[in-house]
Structures are given as C-alpha cells and as structure tokens.
Amino acid sequence: MALEETVARLSRNEKRVLLALKDMAGSGNAQAIVSAGGFSSMVEVMNASAWLQSKSLVRFSESVTVTACLEKEGREAATNGLAERRAIILLDKEGGKAAASALSDSGALQAFEVPIALGWLKRKGWADISKEGDKTMLTLTQEGRAALSAKGRDEEVLAMLHDAGGMNSSELDREALNLLKGRKGIVSEKEQVIRTVSLTEEGVAALEPGIGIKEEVSSITPELIKSGGWRNVEIRPYDVGSFAPAVYGAKPHPLRQLIDRIRRIFLDMGFTEIEGDFVESAFWNMDALFIPQDHPAREMQDTFYCSDPARAEIREKELLDTVASIHENGGSTGSAGWGYKFDRATAERMLLRTHTTVNTLQYLRDHPEPPCKVFSVGRVFRKESLDATHLPEFHQVEGIICERGANFSMLVGIIREFYKRMDFDEIRFRPAYFPYTEPSMEVDVFWHGRWMELGGSGIFRPEVTEPVGVKEPVLAWGLGLERLAMMVFGLKDIRDLYVSDINWLKETPLV
662 MALEETVARL SRNEKRVLLA LKDMAGSGNA QAIVSAGGFS SMVEVMNASA WLQSKSLVRF
722 SESVTVTACL EKEGREAATN GLAERRAIIL LDKEGGKAAA SALSDSGALQ AFEVPIALGW
782 LKRKGWADIS KEGDKTMLTL TQEGRAALSA KGRDEEVLAM LHDAGGMNSS ELDREALNLL
842 KGRKGIVSEK EQVIRTVSLT EEGVAALEPG IGIKEEVSSI TPELIKSGGW RNVEIRPYDV
902 GSFAPAVYGA KPHPLRQLID RIRRIFLDMG FTEIEGDFVE SAFWNMDALF IPQDHPAREM
962 QDTFYCSDPA RAEIREKELL DTVASIHENG GSTGSAGWGY KFDRATAERM LLRTHTTVNT
1022 LQYLRDHPEP PCKVFSVGRV FRKESLDATH LPEFHQVEGI ICERGANFSM LVGIIREFYK
1082 RMDFDEIRFR PAYFPYTEPS MEVDVFWHGR WMELGGSGIF RPEVTEPVGV KEPVLAWGLG
1142 LERLAMMVFG LKDIRDLYVS DINWLKETPL V
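Each residue of the sequence shown is one higher than the one before, counting from 662 in this note's numbering.
So, in structure tokens, the structure goes:
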C-alpha cells in the first residue's frame, strides 16, 4: 500500500499520536504523548500507537529501570540508625566495653535486634565478642571507634534513599546496596518497563506534507444526514487489510483434509473408490498375493495376529487349492512356485491387514473382466518401531488399473501424475522386489534435502491374477499417506500428526 493511501486511512487518534511525536522530536513515552497530544487516557495512545506500528509508521522500544526503595524497617533504620550503629554508641558511653545484655536492658535496642547487631558488629569488625563467665561481652575495636565519627557506605545509601524516597539502582553504590538488601525488610528493588514510541522513516515521511485532523465518524446516522453534519465530518473508510483477530471455526483434521484431497485426485482421474475390512485371513493378506509362508513379514514381530477369532475357514475351496498348487509348484502359471508344502492352517490365521492390496485383489476376484480402475485409502497395521518416520498404524493409498495393453510406462505415468497434482515435482523410481509384482519399483520424493520412500508399485504376477480369473495386466501401487502428510504440512516427525497439538490444528490452513 502506498504511503499516501496509508496516511489517508489513518484514524483521528493515529494522526494525533504522529503530530504529538513530531512536537516531541520524534519519540516519547506513552505518558508524555498523552500530555502532548491532549489525550484523555493512556489506553487511547497505546491503541493508536499499536495500529501505527502495524503500518510501519512508528516503532516501540522498551527499557527496564530498577528502582531501590526503603521498606518499613529501612525507614525506621534511616531515622534511628542501624542496630550495630546504636550498639557502638552504647559501647562508647560504657567506656568501650559492655555486656551484650546491656544493649536491650538500656533500651538502645529491642530484644529481637540484639542478635542482628551482634552479627553485623562481627561482620564489620566494630566489636570483639567474648565470653566472661556466663556473660557475652562486647569490646569496641579500633574500627568501631573510627566508625563513631564516620558513616559506613551502606548507611550513606540508606540516608540517600530516605531523603529521595527512592532512587535508580544504577546511581547507587552496588556493594553497599547489596549489604542493605541482605537485611530483612530494609530495601527492595522494583523493575519498571518504560515503553517508548518513536517515528520510523516512513512516519517522518508521512508527516512531511502535513496532516490535518477533522472530526471523524465511522458510521452515518439518520441525525447526521438530517442535520447536514455529514458535510463537515470525515467519514472513515473501511480498511479491509487491517488486522483482525483470527477466528478458528470447526474444520476437519488436517489428515482428513489430505485424504479428501487424494480421493478427489483419483476420482478426477477416473478411478472408483473401494473399501475393505481391517481383519483378514492370512490367505487373502499373504497367500493369494504369492507371499511365501516362510516370508519374514509373516513373523509375529511384524504382523498383528488375532487371538479371537484366531482362525477362519476359507470358503473359496477351489481358489484355495489353486493358490496352494501355485505356491508348491507354480500350478498352471508356468512358474516354479516356492517349492514347499502349502500349509492350509497357516492360511486360516486371522490378522490385521498389513496392506490394502488385499482389498484390490478381492475386487479383482469379483470383477475379473477389464477394464477397471479402482483405489482405496485405508488403515493398515504393522509391528513397526515407533519413531520419527514409522507408525504401527497408518494409512495406505492403494490403486490398480486392469485393462488390455496396460504396461509399465503407464504405471510410471499414473504415479507421476498423482504426485504432480499433489504439487511434488522431484520424483524418482527405483527397481525393487515384491513377491506379488514383476517388474516392481519403489517411489521416492525429494524432501528436506533427501529422498524419502513413499511406497511400492509394479505389475501383478500371473501367480496373483490367474487364480482370480484375470487375464489382462494389472498395474498396482501402494503409497504411504502419513509420510506424504509430513511433506505437505512441513512436519519433521510423523508422530506430530496424532499428538493433537491444538495450536497446530488451529493454524493449519483448510486449503
């Protein structure tokens, strides 16, 4: 916004603050501005100054001053003398030596002051303390006699504070002041923050052409129209660019927003969304995908197996026999299989799905005829060690394309297009191995100076597609959602997505 336009939109109080600062050589504290500008309260000055600061016309600076003041006992000590001062005066009257009890018996000190006096007499070296029988005796020292005719540095500070009613601590002898502060109830120090408002270069420039002040109204009333008074006032324009308090309305969780964004991308690309169950049999989750029964992913430390129900009957007997044959010797696929005896009891074990590929394979079983383009975004479960990039429960973005002529280049293009629509340009594909796809590749995206793996992809092997009646190529991919969310939301720790940080949830934009 141009300076002229900024000045034109200044409120009456903002103009008054600028003019007051001009008269004060460009800077002053709030109280001084109240007087110079004829304001009725400091609140008016601070509000107007805050608006001027947001428009870069003034700046705030703060300085802290520390003031030392006497407390109740300090004022009494300034009038009557410190306890040790009164003690040496009494000792001098007694010829330089007296019992400690004489301090209170004579009325020179109150009983509670005697221990205080003894401590400071010893600390300052004004008297020697000794025992004579059962009496504590005090003997005036040479330093004590000298002190009778000269005040100590702490006593001088005490007198100065008493006379002035309080002073800036920087003007006082710090060592002497600390001695007084070491006594209970004598001296206290208070910090005071002084805020100064100063014109910036823009503020000085705004004043150069001159600023006029007219009566200003923010709304036109019927009375103002009837009387014609609107001709003599300045109607304040709306400033749509001014500060306004943030309003945090209800909105979906950022992760839900990202899921909806991904869904829209695939729907716009012509895909159909599918869903599936969290709990599956090892047959569908592993065996039907040509994952060998001795694969490390099946171990208890990698997969969540169910205890109730622990097993489920595989109703597709013919499909079970076909898959078993393929595992053992390749069946009719031309493959050599895995060369072991297939265990049907292992296939019946129930587990929490480790990927959503199981759902796309079941969809192919029900829709074996091409073409088909489906996707899903669902939760999967793996016994991952919890750290900055791994979770035991997370989301997978799954998809397949089955059609005549589908090939590897098409798969690369689909994944690249998806990430392009997610605003990621630096993508790379690396050869990989998965039991159920050939060829296979992993997908990486460049983030924070390094490549991050986001998922795997490939073309389903015949050992996977032929048992469910699919004859055409099937392109498949499974991409991690949470790691993608880390990049979209600028997070460095994947766990931050689920810690319910209220400020982060409020500040994350809706779009």
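Glycine is no exception: its CB is placed at the ideal position from the N, C-alpha and C atoms.
{"Query": "Same chain, Cβ closer than 6 Å to LYS842, neighbours up to 5 away in sequence not counted", "Result": "VAL848"}
{"Query": "Helix, strand or coil at MET828 [DSSP, three-state]", "Result": "strand"}
{"Query": "Expected contact under 8 Å - CB spacing of THR1021 and GLU1059 to nearest Å", "Result": "6 Å"}
{"Query": "HIS823 (DSSP reduced to helix, strand or coil)", "Result": "helix"}
{"Query": "Endpoints, the alpha helix (DSSP H) within which HIS1056 is located", "Result": "No alpha helix (DSSP H) contains HIS1056, which is instead part of the beta strand (DSSP E) from 1054–1063."}
{"Query": "Within 9 Å, strictly: CB atoms of LEU1025 and ILE1061", "Result": "yes"}
{"Query": "Those residues which DSSP pairs with ARG972 across a bridge", "Result": "ARG1010"}
{"Query": "Residue burial classification, ASP684 (beta-carbon count within 10 angstroms, cutoff 16)", "Result": "exposed"}
{"Query": "DSSP-derived helix/strand/coil call for SER702", "Result": "coil"}
{"Query": "Buried or exposed (CB count within 10 angstroms, at least 16 for buried), PHE939", "Result": "exposed"}
{"Query": "Range covered by the beta strand (DSSP E) that runs through GLN853", "Result": "848–860"}
{"Query": "Beta-carbon proximity check, ARG856 vs GLU723, cutoff 9 Å", "Result": "yes"}
{"Query": "Alpha carbon of GLY924 to alpha carbon of ALA907, nearest angstrom", "Result": "It is Arg, not Gly, that sits at residue 924 in the sequence shown. Roughly 30 Å separates the two Cα atoms."}
{"Query": "Cβ contact (3+ pairs, closer than 8 Å) linking the region 1103–1117 and the region 946–963", "Result": "no"}
{"Query": "Stretch pair the region 1068–1083 + the region 981–989: three plus CB contacts closer than 8 Å", "Result": "no"}
{"Query": "DSSP-derived helix/strand/coil call for GLU745", "Result": "helix"}
{"Query": "Residues bridged to CYS730 (per DSSP)", "Result": "SER849"}
{"Query": "CB of GLY1074 within 9 Å of CB of HIS1056, strictly", "Result": "no"}
{"Query": "Cβ pair TRP787, GLU804 closer than 9 Å", "Result": "yes"}
{"Query": "Pair within 9 Å by beta-carbon distance, VAL1019 and LEU1072", "Result": "no"}
{"Query": "Cutoff 9 Å: MET1102 Cβ touching any chain D Cβ", "Result": "Here chain D cannot be found, since the structure has a single protein chain."}
{"Query": "Top-ranked residue by Cα proximity to LYS851, from THR861, GLY827 and ALA867", "Result": "GLY827"}
{"Query": "Backbone secondary structure at TYR638 - three-state DSSP", "Result": "The chain is shown only over 662 to 1172; residue 638 falls outside these bounds and no answer can be derived."}
{"Query": "Contacting residues, own chain, Cβ-Cβ under 6 Å from LEU682 (five flanking each side not counted)", "Result": "LEU860"}
{"Query": "Buried versus exposed call for SER710 [16 or more other C-beta atoms within 10 Å across all chains shown]", "Result": "buried"}
{"Query": "Beta strand (DSSP E) runs contained entirely in the region 1126–1151, provided each spans 3 or more residues", "Result": "1135–1141"}
{"Query": "Segment contact flag, the region 752–769 with the region 795–804, C-beta cutoff 8 Å, min 3 pairs", "Result": "yes"}
{"Query": "Between the CA atoms of ALA820 and LEU779 - distance to the nearest angstrom", "Result": "22 Å"}
{"Query": "Check whether GLU737 and ARG844 have beta carbons under 9 Å apart", "Result": "no"}
{"Query": "Sub-9 Å separation of LEU679 and ILE872 beta-carbons", "Result": "yes"}
{"Query": "C-alpha gap between THR728 and GLN853, whole angstroms", "Result": "8 Å"}
{"Query": "Supposed contact pair VAL706 and VAL695 - C-beta distance, whole angstroms, cut 8 Å", "Result": "5 Å"}
{"Query": "Selection from GLU1078, ASP1162 and MET1147 that minimises the alpha carbon distance to GLY931", "Result": "GLU1078"}
{"Query": "Alpha carbon of VAL894 to alpha carbon of SER879, nearest angstrom", "Result": "10 Å"}
{"Query": "For VAL865, the nearest candidate out of GLY687, MET1148 and LEU822 (CA to CA)", "Result": "GLY687"}
{"Query": "Own chain, CB closer than 8 Å to GLU836, minus 5 neighbours either side, in chain order", "Result": "ARG814"}
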